[in-house]
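If you want the working numbering, it's the 1-based position in the sequence shown plus 7.
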Amino acid sequence: MDPLAKAAALCATLAALSAAAERGSLPRAVSPQASETGGVDDALSSACPAGTLPDGNACVPVPEQAAGAEELSAEQNTHRDRLGRWVVYEQIPRRPERPADYRAYRYPVPLRDGQRFVSSGYDLHLPSASQRRGAHLKAVGHGGIDISQARGTEVRIVDLEHQVGDAEVVLSGELFGNSVVTRHAVREGGQLREYLVIYGHLDGQAPGLRAGMNLREGSLVGFVGDSGSPGDVHLHLEVRRVRDGVAVKGLAPRQLVHNARTVVCDPRNVLPLLNATRTP
Ligand SMILES: [Zn+2]
8 MDPLAKAAAL CATLAALSAA AERGSLPRAV SPQASETGGV DDALSSACPA GTLPDGNACV
68 PVPEQAAGAE ELSAEQNTHR DRLGRWVVYE QIPRRPERPA DYRAYRYPVP LRDGQRFVSS
128 GYDLHLPSAS QRRGAHLKAV GHGGIDISQA RGTEVRIVDL EHQVGDAEVV LSGELFGNSV
188 VTRHAVREGG QLREYLVIYG HLDGQAPGLR AGMNLREGSL VGFVGDSGSP GDVHLHLEVR
248 RVRDGVAVKG LAPRQLVHNA RTVVCDPRNV LPLLNATRTP
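Okay, structure coming up:
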């Protein structure tokens, strides 16, 4: 079919569909906002200008909700593993409004000017063929950010965006080489969600660090190294959202990164922005 005929056919189809909708022969879309605005007086609600909500007899401005505070949704993807099997997994891709440039964020290690610091970025949202793979790599695809830094560089905790309270150490031991895993409560979509941050391939953990400790922003978690990735000194930084109802305390290290318990997330969704003003 030539392009013009194709366009004409499409127009005809759309016209027929909208006519059907007007006759009521197609189901009406239900507004997903319905439940969120439940309880608001409709008459007053419509009398209040955009960006405000009725409060008694007045219209008050709605507190501006930062983009990252909305509920993140997981998507399904697949890739072919090193044994040739298709693996289906869930992952939370970067929200479009979060900067793609890795330099826009604050990390647990300092970045040097001009340094090509990300040697491998998050790629689990990409088609299988575009994901990281290679003979020397244990995993197909990459659910984190590899940050090149000198051996022994201090790794210090950063608070995630919309984090509530301190982080808690969940693991100080073996996972991706010497690793530390911290748990963070994050306000998201009007509720608290739990996220794990994984610091992998450490030269070692901070002295005295153990599961159950609370850590404030800036606390030392360990030192950059190449444990589990000999010759490739870097920090593997991975973020995972804990599934509803899963208690991560006491889980075996491999269970912390199991798709049934936690969903891998593009770290850029929750890492603090470099230029953001810190909320107290
Ligand atoms: Zn990595």
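Using N, Cα and C, we set each Cβ at its ideal position, and we do this for glycine too.
Closest by CA to Met220, which one among Ser137, Glu175, Asp130? Glu175
Inside the segment 118-157 only - beta strand (DSSP E) runs reaching at least 3 residues: 125-127, 151-155
Same chain, Cβ closer than 8 Å to Leu199, five either side skipped, listed in chain order: Val171, Ala192, Val193
Arg261 versus Val162 - alpha carbon distance: 22 Å
Residue from His241, Asn282, Phe230 with nearest C-alpha to Asp153: His241
Only counting the same chain, and skipping five residues up and downstream in sequence, which positions put a Cβ closer than 7 Å to that of Val94? Thr85, His86, Asp88
Inter-residue spacing [alpha-carbon to alpha-carbon] between Cys66 and Arg250: 37 Å
Cβ-Cβ separation, Val177 to Lys256 (assumed contact under 8 Å), whole Å: 7 Å
Exposed or buried, Pro56, counting other C-beta atoms within 10 Å across all chains shown (16 or more means buried)? exposed
Could you please give the first and the last residue of the uninterrupted beta strand (DSSP E) stretch that includes Arg87? 82-87
Let's test the definition: count the other Cβ atoms within 10 Å of the Cβ of Gln98 and tell me whether it reaches 16, buried, or not, exposed. buried
Are Val246 and Cys272 closer than 8 Å when you measure CB to CB? yes
Tyr109 by DSSP, collapsed to three states: which one? helix
Start-to-end residues for the alpha helix (DSSP H) that takes in Arg217: Neither: Arg217 is in no alpha helix (DSSP H) and is coded neither H nor E.
Suppose contacts are defined by Cβ-Cβ distances below 8 Å. Is Gly235 in contact with His265 by that definition? no
Exposure label - Gly46; buried when at least 16 CB within 10 Å: Annotation note: pLDDT 31 at Gly46 (below 50); position unreliable, no value reported.
At the level of alpha carbons, what is the spacing between Gly148 and Arg223? 31 Å
Looking at the secondary structure, which residues open and close the beta strand (DSSP E) in which Arg190 lies? 184-195
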